[in-house]
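For the sequence shown, the working numbering assigns the number 1323 to the initial residue and increments by one for each residue that follows. Note that beta-carbon positions come from the ideal geometry of N, C-alpha and C, so glycine has one too. As structure tokens, the structure follows; a few thoughts come after it.
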Amino acid sequence: MSDTQPIRRYGIVAQLFHWVVAALLFAMLGTNLLREMAEKESAARTEWMNLHMSLGILLFGIVILRLIWTKRTPQPEPLPGRWITRVLAKATHVLLNLATLLVPIGGYLRIASKDLPADFFGTPIPSIVGDLPWLHKIASVGHGPYMEVFFYALIGLHVLAAIWHQYILKDGAIDRIVPWGKPPALGGSA
């Protein structure tokens, strides 16, 4: 018998990263909606845009730290299930991580390719590319309406899968990622 117990839950740091990323994503959705509702060329529109940019840059940094943390710390075993659901879960997580990295890069390049500085909570981040209309077009694909729909579809799929696991399969998926959750039972034993 092994001296080590399998890890059944995410640690508090991983939980914190998960929920901070979720909160930032919802804040970015909100700031983008408020920016779109503000009058064109208004100070309010600029302020919402600057906050959106700041949150995007912050999100990018936190996701980098989260990925480093994930690679350096033991993670819980995958939930039991058919191989196809495990493959789909892994693919969704990989795509979510890629999106949380690539969408902020696309946002920065959209601004930078117009030779404008990005705003990080009042600190300008200069353009590293200058005025490049072709790059602006490409960045608009990676940070535009199609990517937004794809990104929120991934988030919706992630949330629905978590609810399915927690309440239909009753395997404790959500309990693994919240501080107040109870550890799921080990394979067949309570």
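| Item | Value |
| --- | --- |
| Excluding five sequence neighbours on each side, which residues of the same chain lie with their C-beta closer than 7 Å to the C-beta of A1434? | A1440, S1449, I1450 and V1451 |
| Only counting the same chain, and skipping five residues up and downstream in sequence, which positions put a Cβ closer than 7 Å to that of P1426? | G1378, I1379, L1381 and F1382 |
| Which class does T1395 belong to by DSSP, given the choice of helix, strand or coil? | coil |
| Go ahead and pull the three-state DSSP assignment for A1360. | coil |
| Taking 7 Å as the cut-off, decide whether the C-beta atoms of P1501 and E1399 are in contact. | no |
| Is P1501 helix, strand or coil by DSSP? | coil |
| If I'm right that V1385 touches T1422 with Cβ under 8 Å, what's the distance once you round it to whole angstroms? | 5 Å |
| Just list the residues that DSSP pairs P1402 with in beta bridges. | Paired residue(s): none; P1402 is not in a bridge. |
| Rounded to the nearest angstrom, how far is the Cβ of R1388 from that of V1343, given a contact under 8 Å? | 7 Å |
| Identify, in the order they occur along the chain, each residue of the same chain with its Cβ nearer than 8 Å to the Cβ of M1350, setting aside the five sequence neighbours on each side. | H1374, L1377, G1378 and L1381 |
| To the nearest whole angstrom, what separates the beta carbons of R1432 and A1413, a pair I think is in contact under 8 Å? | In fact, because the Cβ distance is near 27 Å, the residues do not count as touching under 8 Å. |
| Going by C-alpha to C-alpha distance, which of L1424, V1409, G1464 and L1438 sits closest to L1454? | L1438 |
| Just checking my contact of G1428 with M1469 at CB under 8 Å: how many whole Å lie between their CB atoms? | 7 Å |
| Looking at the structure shown, is F1442 part of a helix, part of a strand, or coil, going by DSSP? | strand |
| Can you give me the Cβ contacts of I1447 inside the same chain, cut-off strictly under 8 Å, excluding the 5 residues immediately before and after it? | I1379, Y1430, P1439, A1440 and D1441 |
| Enumerate in chain order the residues of its own chain whose CB-to-CB distance from G1510 is below 6 Å, with the five nearest sequence positions on each side excluded. | Summary for G1510: the model assigns pLDDT 41, below 50, so the residue's position carries little reliability, and this model does not support an answer. |
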